[in-house]
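Numbering (our numbering), first residue to last: -8 to 267. Quick reminder that beta carbons are idealized off the backbone N, C-alpha and C, glycines included. Owing to the predicted nature of the structure, the values given are computational and were not obtained by experimental measurement. Heads up: the structure comes next, in structure tokens.
Rendered as structure tokens:
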């Protein structure tokens, strides 16, 4: 059955991949991003720019009124709002004693407020109609803290905690909330981290996930509607390690110290491969 779906951050990465897969399934899509040229290029690359089931629009997710207008427009075009996929995110790598106030504001504005504004606007519509599904993309860095990207990690902890709480609030209204926590994903955000020494620990895993792998996990969640999805490389132990440190925070320092050298080697290897 065709659904009315809104996806943020569609100029690249996971959201772009979701757009292609969900369009192929016959859904009506509203695709948004603050990067309008990138958004147009993405839908052209996917071959869906001229589809009657696709509407693209520039959106700054830190503007709550604009977010509400986008969702209202989706309802006006395609009927009840079935799904909101909050995928857009921002990352900067820095240590706490070096972080600039602008980086703090930008991280919280995009990663936390943007998700909250979207969730709030979608929840109002979905509660009124008696059904719907909100999927917020957090990170494995929101389950296990990652030094060097502490601002990003904190913002994803916020998204995870907020989503888990809102899931309980909206359950009685027939509205599901799922938080998805992927590990490192091969997206432009990862490419940026290749050149950031502070971000080396994000490369501690066996390999990066492909956007298609995370997109498939998200699409599967639209059917089962779980409260949380941990998207990690199969049999890598990443999910177990993250949950362990989340349960026993005192393990964080010894574990990160143990894998730090390996993470730097893997970051350097990935950087060299990207340059070839």
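- In this structure residue 56 does not touch residue 25 by the C-beta definition: roughly 15 Å separates them, more than the 8 Å allowed.
- For residue 12, the enclosing alpha helix (DSSP H) begins and ends at 4 to 15.
- From the listed residues 246, 82 and 208, the smallest Cα separation to residue 182 is found for 82.
- Considered as a whole, the region 106 to 158 harbours 123 to 128 as its complete beta strand (DSSP E) runs of no fewer than 3 residues, in chain order.
- DSSP assignment within the region 182 to 263 yields the following whole alpha helix (DSSP H) runs of 4 residues or more, N-terminal first: 202 to 215 and 229 to 238.
- Contact between residue 233 and residue 131 holds: their C-beta atoms lie close to 5 Å from each other, under 8 Å.
- Taking 8 Å as the cut-off, the beta carbon of residue 77 is found no closer than this to the beta carbon of residue -5.
- Assignment of residue 60 by DSSP, reduced to helix, strand and coil, places it in the helix class.
- Beta-bridge partners of residue 166 (DSSP): 123.
- Bridge partners of residue 47 according to DSSP: 22.
- Taking all protein chains in view, the Cβ of residue 14 is crowded by 16 or more other Cβ atoms within 10 Å, so the residue is classified as buried.
- Residue 5 is positioned such that its CB atom lies no closer than 8 Å to that of residue 247.
- Between the region 200 to 215 and the region 99 to 108, the count of Cβ pairs shorter than 8 Å is below three; the stretches do not touch.
- In this chain, residue -3 is not harboured by any alpha helix (DSSP H); it is covered by the beta strand (DSSP E) spanning -5 to -1.
- When 191, 29, 165 and 72 are compared, the shortest CA-CA separation from residue 19 is found for 72.
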